[in-house]
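There are 2 protein chains.
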Amino acid sequence: MATIKDVAARAGLSVGTTSRVLSGSPQTSPDSRSRVLAAAKELGYVTHGPARSLRRARTDVLGLLVSDIRSPFFSELAHAAEQEARAHGYTVLLANANEDAAQADAVLDAFASQRVDGLLLSPQGPQTPRLEALLEKRLPIVLLNRAIEGVDAPLYGTDNAGGVAQALAWLQRRGHRDVAFIGGPESFSTGAERHDAYLAGREAHGISTDDDLIDAGDFLADGAAEAMLRVLDRGARPTAVFGANGQTTLGAMRVVRERLGAEAASGIEFVSFDDIEWFAYTSPPISAVRNDATEIGRAGVQGLLELIDGGTPTSRRVATSFIDRAKGDRA
Amino acid sequence: MATIKDVAARAGLSVGTTSRVLSGSPQTSPDSRSRVLAAAKELGYVTHGPARSLRRARTDVLGLLVSDIRSPFFSELAHAAEQEARAHGYTVLLANANEDAAQADAVLDAFASQRVDGLLLSPQGPQTPRLEALLEKRLPIVLLNRAIEGVDAPLYGTDNAGGVAQALAWLQRRGHRDVAFIGGPESFSTGAERHDAYLAGREAHGISTDDDLIDAGDFLADGAAEAMLRVLDRGARPTAVFGANGQTTLGAMRVVRERLGAEAASGIEFVSFDDIEWFAYTSPPISAVRNDATEIGRAGVQGLLELIDGGTPTSRRVATSFIDRAKGDRA
DNA sequence: TTACAGTATGGAATCGATTCCACGAAAGGC
DNA sequence: GCCTTTCGTGGAATCGATTCCATACTGTAA
Numbered sequence: 200m201a202t203i204k205d206v207a208a209r210a211g212l213s214v215g216t217t218s219r220v221l222s223g224s225p226q227t228s229p230d231s232r233s234r235v236l237a238a239a240k241e242l243g244y245v246t247h248g249p250a251r252s253l254r255r256a257r258t259d260v261l262g263l264l265v266s267d268i269r270s271p272f273f274s275e276l277a278h279a280a281e282q283e284a285r286a287h288g289y290t291v292l293l294a295n296a297n298e299d300a301a302q303a304d305a306v307l308d309a310f311a312s313q314r315v316d317g318l319l320l321s322p323q324g325p326q327t328p329r330l331e332a333l334l335e336k337r338l339p340i341v342l343l344n345r346a347i348e349g350v351d352a353p354l355y356g357t358d359n360a361g362g363v364a365q366a367l368a369w370l371q372r373r374g375h376r377d378v379a380f381i382g383g384p385e386s387f388s389t390g391a392e393r394h395d396a397y398l399a400g401r402e403a404h405g406i407s408t409d410d411d412l413i414d415a416g417d418f419l420a421d422g423a424a425e426a427m428l429r430v431l432d433r434g435a436r437p438t439a440v441f442g443a444n445g446q447t448t449l450g451a452m453r454v455v456r457e458r459l460g461a462e463a464a465s466g467i468e469f470v471s472f473d474d475i476e477w478f479a480y481t482s483p484p485i486s487a488v489r490n491d492a493t494e495i496g497r498a499g500v501q502g503l504l505e506l507i508d509g510g511t512p513t514s515r516r517v518a519t520s521f522i523d524r525a526k527g528d529r530a
Numbered sequence: 200m201a202t203i204k205d206v207a208a209r210a211g212l213s214v215g216t217t218s219r220v221l222s223g224s225p226q227t228s229p230d231s232r233s234r235v236l237a238a239a240k241e242l243g244y245v246t247h248g249p250a251r252s253l254r255r256a257r258t259d260v261l262g263l264l265v266s267d268i269r270s271p272f273f274s275e276l277a278h279a280a281e282q283e284a285r286a287h288g289y290t291v292l293l294a295n296a297n298e299d300a301a302q303a304d305a306v307l308d309a310f311a312s313q314r315v316d317g318l319l320l321s322p323q324g325p326q327t328p329r330l331e332a333l334l335e336k337r338l339p340i341v342l343l344n345r346a347i348e349g350v351d352a353p354l355y356g357t358d359n360a361g362g363v364a365q366a367l368a369w370l371q372r373r374g375h376r377d378v379a380f381i382g383g384p385e386s387f388s389t390g391a392e393r394h395d396a397y398l399a400g401r402e403a404h405g406i407s408t409d410d411d412l413i414d415a416g417d418f419l420a421d422g423a424a425e426a427m428l429r430v431l432d433r434g435a436r437p438t439a440v441f442g443a444n445g446q447t448t449l450g451a452m453r454v455v456r457e458r459l460g461a462e463a464a465s466g467i468e469f470v471s472f473d474d475i476e477w478f479a480y481t482s483p484p485i486s487a488v489r490n491d492a493t494e495i496g497r498a499g500v501q502g503l504l505e506l507i508d509g510g511t512p513t514s515r516r517v518a519t520s521f522i523d524r525a526k527g528d529r530a
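Written out as structure tokens, the structure is:
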């Protein structure tokens, strides 16, 4: 591989001048500029990133840690983040934590060792020692989607309260009174926020305040199924079910179908926080609050870059949209 | 940030010895080992990756270039690749090419500059100059899922012929004779392989060889819809439709519904190359050949690591499985 | 003509690690 | 008890870039 020394030799100039040309310094003559560029091209020279990073004390690399890139929300977010980062000359290191604190810590170590310029973090559960160490070292960090207690970093996430309000408005429009709400874990800020917003808003939207209709799972299909089962076992017979995330709605739907039969199930309307492409294809189709993962990813990178540049970006809640898939009037 | 010099000073040893301890060289005494490790811990020392990379001429970073991480196939593949890489001490740089050659070239430049130790490439279309340059520089590269003409790199991908055979067997079992096949672009090796396998196998499975039943799109829903439309416009009335990838099947299904009505559509059986989670929820449910993206990602990384170690890994086609979602007997 | 400002350049120090080399001390062989 | 390995260590060179500093040169003003 050709180094800057080779380029300098071929151009008949010093490495100093060569470096200045290659990094676009104005302190260069047109003559040396053309000679250096020609030599670089002929040799197929590519800057040695690690060497440059060593000297400049920055890597132009951002770390992105998500819990699982396979989730549509995160893959959309990762796509947007990568595009936005690239548009600003940054490259993205990707890692999955798989909801496992040990793995998250290992990743944070690797990111720290790579000397990423900043971190996009979609945290799982609580604060970890590594994270604390990085914060102390003043590594620029932004949080995506979920907050972490005790971590004072800008947060870019869904407007959970606004999303729940959209769902409540829809439930009211559809004339539902007996609505089952299947929430997520209180330990996730998303779970808590959606739950709180629902409790705070239901009465104003003409929805029963009977707490028998409310239960919570773990944001996964099976946990949600158990929660839904508990609701039905309490004798509640809702006309609509509101799942606090995509998997939750699915799990709830499965149980309703199994316990009440497909016919009864198709008389019940479902609404989900989190839209999944194929909710249009279920029967009945599921209406949903759609997260704007693209905008969250983009905003997260922008905020992080601002932080890297020494600015003080502010957290932002990105608005949701509502996808109404209900057919016809309710009887 | 603490450097190895700080650690050495604190431990009262030279940087040489300190480095040996930290990188686990056997040439160290138990005494200096414990002193160095204690000092490192106290200072919160983290190896400076770029500096290490500069000296060692390797980065322990792999580049992963996919066309779009939002596709379920790629996000599953990326997840598996990242996990496998991490298990071997590597970190993964992720980039999306968005089916855009210019963007792919920009990414390859960035990867080259970062001096990734190897490249996992899910190519779009043909060879690009950058790729050629990297191959000439003998950068270890493996291809994922699609081949590129003229590029002699190990390929880890789906067993397209085997998958088509599974679909053909199913079509035969279900007693279909008039089967519409909506293919993908011939310029993609996946499109060409699936198409060829279908043509080669249909007769032996009792399927009509009428070419009016066959058309091709661009592997996207809209292009597939147009292809399906052409088939119907030719007067063909298939009892089953075989889509050469997930989006293709969806586009075809949409057109069948729109043109023949939902009732007629539900009498037609669909089978897709590429399984998508929610094919279970469509009506009628879609049977599918499932790609083992996880295994492809894992095998790709293993092959790449072998290549990096100077070995000569061999290409591998990963077997598909078949998800039969057909209900009951056909009349 | 002399002095001075402004540019372009070469040379050298530097970033933070790894690794080669040489040296002293301890251990083993006769 | 002397000679030869072996082992641990310190010091220095090195990786490939960037950037500071000093210098040479150009052109302008007094």
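Going down the list, the sequences are from chains L and U.
Under the numbering used here, the first residue of the first sequence is numbered 200, with each subsequent residue one higher.
Under the numbering used here, the first residue of the second sequence is numbered 200, with each subsequent residue one higher.
Cβ coordinates follow ideal geometry from the N, Cα and C atoms, glycine included.
Keep in mind it's a predicted model, so treat the numbers as computed, not measured.
| query | result |
| --- | --- |
| Among residues of its own chain, excluding the 5 on either side of V378/L, which ones have a beta-carbon nearer than 8 Å to its beta-carbon? | L370, R401, I406, S407, L412, P437, T438, A439, V440 and F441 |
| Counting pairs of beta carbons, one from the region 329-346 of chain U and one from the region 360-376 of chain U, are three or more of them closer than 8 Å? | no |
| Name the residue from E241/U, R497/U, A303/U and L419/U whose alpha carbon lies nearest to the alpha carbon of P325/U. | A303/U |
| Are the C-beta of L221/U and some C-beta of chain L separated by less than 9 Å? | no |
| Considering only residues of the same chain and omitting the five flanking positions on each side of D205/U, which have a CB-CB separation below 7 Å? | L242 |
| Whole angstroms is fine: what's the gap from F387/U's alpha carbon to L293/L's? | 27 Å |
| Among the candidates P483/L, R232/L and F418/L, whose CA atom is the shortest distance from the CA of S469/L? | The amino acid occupying residue 469/L in the given sequence is Phe; Ser does not appear at that position. It is P483/L. |
| Measure from the C-beta of N490/L to each C-beta in chain U and report whether the shortest distance is under 9 Å. | no |
| To the nearest angstrom, report how far apart T216/U and A286/U are at their CA atoms. | 28 Å |
| Taking 9 Å as the CB-CB limit, is L293/L close to chain U? | yes |
| G243/U versus chain L: which residues are under 7 Å apart at the beta carbon? | A332 |
| Assuming E468/L is part of the alpha helix (DSSP H), what are its boundary residues? | Run containing E468/L: none in the alpha helix (DSSP H); it sits in the beta strand (DSSP E), E468 to F472. |
| Please determine, among P384/L, V363/L and P353/L, the residue with the shortest C-alpha to C-alpha distance to H404/L. | V363/L |
| At 3 residues or longer, and completely inside the region 391-423 of chain L: list those beta strand (DSSP E) runs for me, N to C. | 413-415 |
| Determine, using beta carbons only, whether V260/L comes closer than 9 Å to chain U. | yes |
| Would DSSP call L292/U helix, strand or coil? | strand |
| Distance, Cα to Cα, I485/L vs R433/U? | 36 Å |
| Give me, in chain order, the residues of the same chain whose beta-carbon lies closer than 8 Å to that of D316/U; leave out the 5 immediate sequence neighbours on both sides. | R257, T258, D259, V260, L261, Y289, P339 and I507 |
| Starting from T357/U, follow the beta strand (DSSP E) in both directions and report where the run begins and ends. | L354 to T357 |
| Run through the DSSP bridge pairs and tell me what V440/L is partnered with. | A379/L and F469/L |
| Using only alpha-carbon positions, find the residue among R489/L, G460/L, Y480/L and S465/L that is nearest to D474/L. | R489/L |
| Identify the residues that DSSP records as bridge partners of F273/U: which are they? | Bridge partners of F273/U: none, in fact. |
| Identify whether L428/L lies in helix, strand or coil by the three-state DSSP scheme. | helix |
| With a cut-off of 8 Å on the beta carbons, I'd call G445/L and S471/L a contact; round off their distance for me. | 6 Å |
| To the nearest whole angstrom, what separates the beta carbons of I381/L and D421/L, a pair I think is in contact under 8 Å? | Between D421/L and I381/L the Cβ distance is about 12 Å, and since that is not below 8 Å, they are no contact. |
| May I ask you to report which of helix, strand or coil DSSP gives V260/L? | strand |
| Could you spell out the range, first to last residue, of the alpha helix (DSSP H) harbouring G502/L? | A492 to I507 |
| Could you check the C-alpha separation between L221/U and G248/L for me, to the nearest Å? | 24 Å |
| Give the DSSP bridge partners of S213/L, in chain order. | Answer is none; S213/L lacks a bridge partner. |
| Is the shortest distance between the beta-carbon of D308/U and the beta-carbons of chain L less than 9 Å? | yes |
| Going by the DSSP bridge assignment, what does V265/U pair with across the sheet? | N295/U |
| Starting from the Cα of E457/L, find the closest Cα among A443/L, E425/L, W477/L and A479/L and give me that residue. | E425/L |
| Would you report the Cα separation of A525/U and L428/U, rounded to the nearest angstrom? | 24 Å |
| With a threshold of 16 other CB atoms inside 10 Å of the CB of E275/L, please say whether the residue is buried or exposed. | buried |
| Listing by chain order, which chain U residues have their CB less than 7 Å from the CB of M200/L? | K336 |
| Could you tell me which chain L residues have their CB closer than 8 Å to the CB of R269/U, listed as they occur along the chain? | P271, S274, E275 and H278 |
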